[in-house]
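*Asks:* If you read the first sequence in our numbering, its first letter stands for residue 876, the second for the next number, and so on. Just so you know, even glycine gets a beta-carbon here, dropped at the ideal spot from N, CA and C.
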Amino acid sequence: MRIATWNVNSITARLPRLLAWLENTGTDVLCIQETKCTAEQFPADELRELGYESAVNATGRWNGVALVSRVGLEDVVSGLPEGPEYEGAVEPRAISATCGGVRVWSVYVPNGREPAHAHYAYKLEWFKALRAAVADDAAGAQPFAVLGDFNVAPTDTDVWDISLFADSTHVTPAERAALVALEEAGLSEVMPRALKYDVPFTFWDYRNLGFPKNRGMRIDLVYGNTPFTKSVRDAYVDREARKGKGASDHAPVVVDLDLDV
DNA sequence: ATGGCCTGATCTTCAGGA
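1. Examine the Cβ distances between the region 1120-1129 and the region 876-885 and report whether three or more of them are shorter than 8 angstroms.
2. Quick check: what's the CA-CA separation for GLU949 versus LEU999?
3. With contact counted as at least three CB pairs below 8 angstroms, one residue from each stretch, are the region 997-1013 and the region 908-917 in contact?
4. Check each candidate in VAL1027, GLY963, ARG936 and TYR1072 and name the one with the smallest Cα separation from GLU989.
5. Could you pull out every residue in the same chain whose Cβ sits closer than 8 angstroms to the Cβ of PHE1025, ignoring the five residues on either side in sequence?
6. My output table needs one value for SER1043: the three-state DSSP class, helix, strand or coil.
7. Report yes or no: do three or more beta-carbon pairs, one from the region 1110-1117 and one from the region 1068-1081, lie closer than 8 angstroms?
8. Among CYS974, GLY1015, GLU957 and THR902, whose alpha-carbon lies nearest the alpha-carbon of PHE1002?
9. Just the Cα atoms here: how many angstroms apart are PRO1087 and LYS1071?
10. Within a Cβ cutoff of 7 angstroms, which residues of the same chain sit near GLY855, ignoring the five residues on either side of it in sequence?
11. Can at least three beta-carbon pairs, one atom from the region 968-978 and one from the region 928-944, be found at a separation below 8 angstroms?
12. Does the distance between the C-beta of PRO1067 and the nearest non-hydrogen atom of the ligand PLP fall short of 7 angstroms?
13. Starting from ARG877, trace the beta strand (DSSP E) in both directions and tell me its first and last residue.
14. Alpha carbons only, please: which of ASP1133, ARG1117 and LEU1134 is nearest the one belonging to ASN884?
15. Where GLU915 and LEU1022 are concerned, what is the direct C-alpha to C-alpha distance, given to the nearest angstrom?
16. Check whether the Cβ atoms of TYR927 and SER953 lie closer than 8 angstroms to each other.
17. Could you give the first and the last residue of the continuous alpha helix (DSSP H) run that contains PHE1076?
18. Beta-carbon separation of GLY976 and LEU1134 under 8 angstroms?
19. Can you pull the DSSP bridge partners for HIS992?
20. Buried or exposed, going by whether 16 or more other CB atoms sit within 10 Å of the CB of ASP903?
21. State buried or exposed for SER849, treating a residue as buried only when at least 16 other CB atoms are found within 10 Å of its CB.
22. Indicate the three-state DSSP secondary structure (helix, strand or coil) for GLU1064 in the structure shown.
23. Figure out for me which residue from GLU960, SER929, ALA964 and PRO959 has the closest Cα to the Cα of VAL951.
24. What is the C-beta distance between LEU894 and GLU921, in whole angstroms, given that I count them as a contact (C-beta under 8 angstroms)?
25. Which term fits GLU1155, buried or exposed, when burial requires 16 or more other beta carbons within 10 angstroms of its beta carbon?
Here's what the structure looks like:
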């Protein structure tokens, strides 16, 4: 089974590339973030024509997550149980389902903006709710994984130049501790291969020639429990999908599983 | 090749992204 995660930065703007990518890669299950659409605008019909079912948690121009699967899509849970509010609203940042025998979450962790910003505190609260939400499944016998845009670089080497990140979000000890807390709950990271250069970055800013100069960040992550990680045959970042006009600023992370092993 | 932001809405300017 091929499972992947991709922050598409608007599924409407990305639809032709998304459909072509699904066909070309033969991905079975895709976790999508930043759909930037309402549930009604989500292109479920176009995906169905390719053989994919969809589950969507989206409310409009910001955020929005989805799961698309051609190996079944059952027991959908929309939203993070006990998830915190931001400015009085619960944002669409999580959705889970069982696809082909694997319990899967697609998550879009809040950005945080600046360490002193209320959005940063919200980010840390959101992580606490995520850990609580996944703890039981992480300790279970069924293959289980959380995939998405975590908006945290796990180590200093996961950004192109750590010296430029003083006083920045995405690299603070508290954010990294939130990732460690997921590991303490029974999850481990699936490290993808880089198809070029040393570090498998997953995001490059549109500005300042970020991609051509490989000024990237590794912030789209895959965490699985032991039944999941022991079945991983390969994992890589598809940087080819970041190339050219009309690309998302994130590249997909692709994981191949041998679930029978 | 991979090229000095992109997206959708509040729509010709702006917030948000990271």
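*Replies:* Answer, in terms of the structure:
1. Contact holds: three or more Cβ-Cβ distances are below 8 angstroms.
2. 29 angstroms
3. no
4. Scanning VAL1027, GLY963, ARG936 and TYR1072 for the CA closest to the CA of GLU989 turns up VAL1027.
5. VAL982, VAL984, LEU1054, ILE1094, ASP1095 and LEU1096
6. coil
7. yes
8. For PHE1002, the nearest C-alpha among the options comes from GLU957.
9. Cα to Cα, PRO1087 sits roughly 12 angstroms from LYS1071.
10. Only positions 876 to 1136 of the chain appear in the structure, and residue 855 is not among them; the question remains open.
11. yes
12. You won't find the ligand PLP in this model; it holds no ligand whatsoever.
13. 877-882
14. Minimum Cα-Cα distance from ASN884 among the listed residues ASP1133, ARG1117 and LEU1134 corresponds to ARG1117.
15. 24 angstroms
16. no
17. For PHE1076, there is no enclosing alpha helix (DSSP H), since its DSSP letter is neither H nor E.
18. yes
19. According to DSSP, which records beta bridges pairwise, HIS992 is partnered with nothing at all.
20. The residue in question, ASP903, is buried, as its Cβ has 16 or more Cβ neighbours within 10 Å.
21. Any answer about residue 849 is impossible in this case: the structure gives the chain only from 876 up to 1136.
22. strand
23. SER929
24. Sure, about 6 angstroms apart at Cβ, within 8 angstroms.
25. Residue 1155 lies beyond the stretch modelled for the chain, which goes from 876 to 1136, so this question has no answer here.
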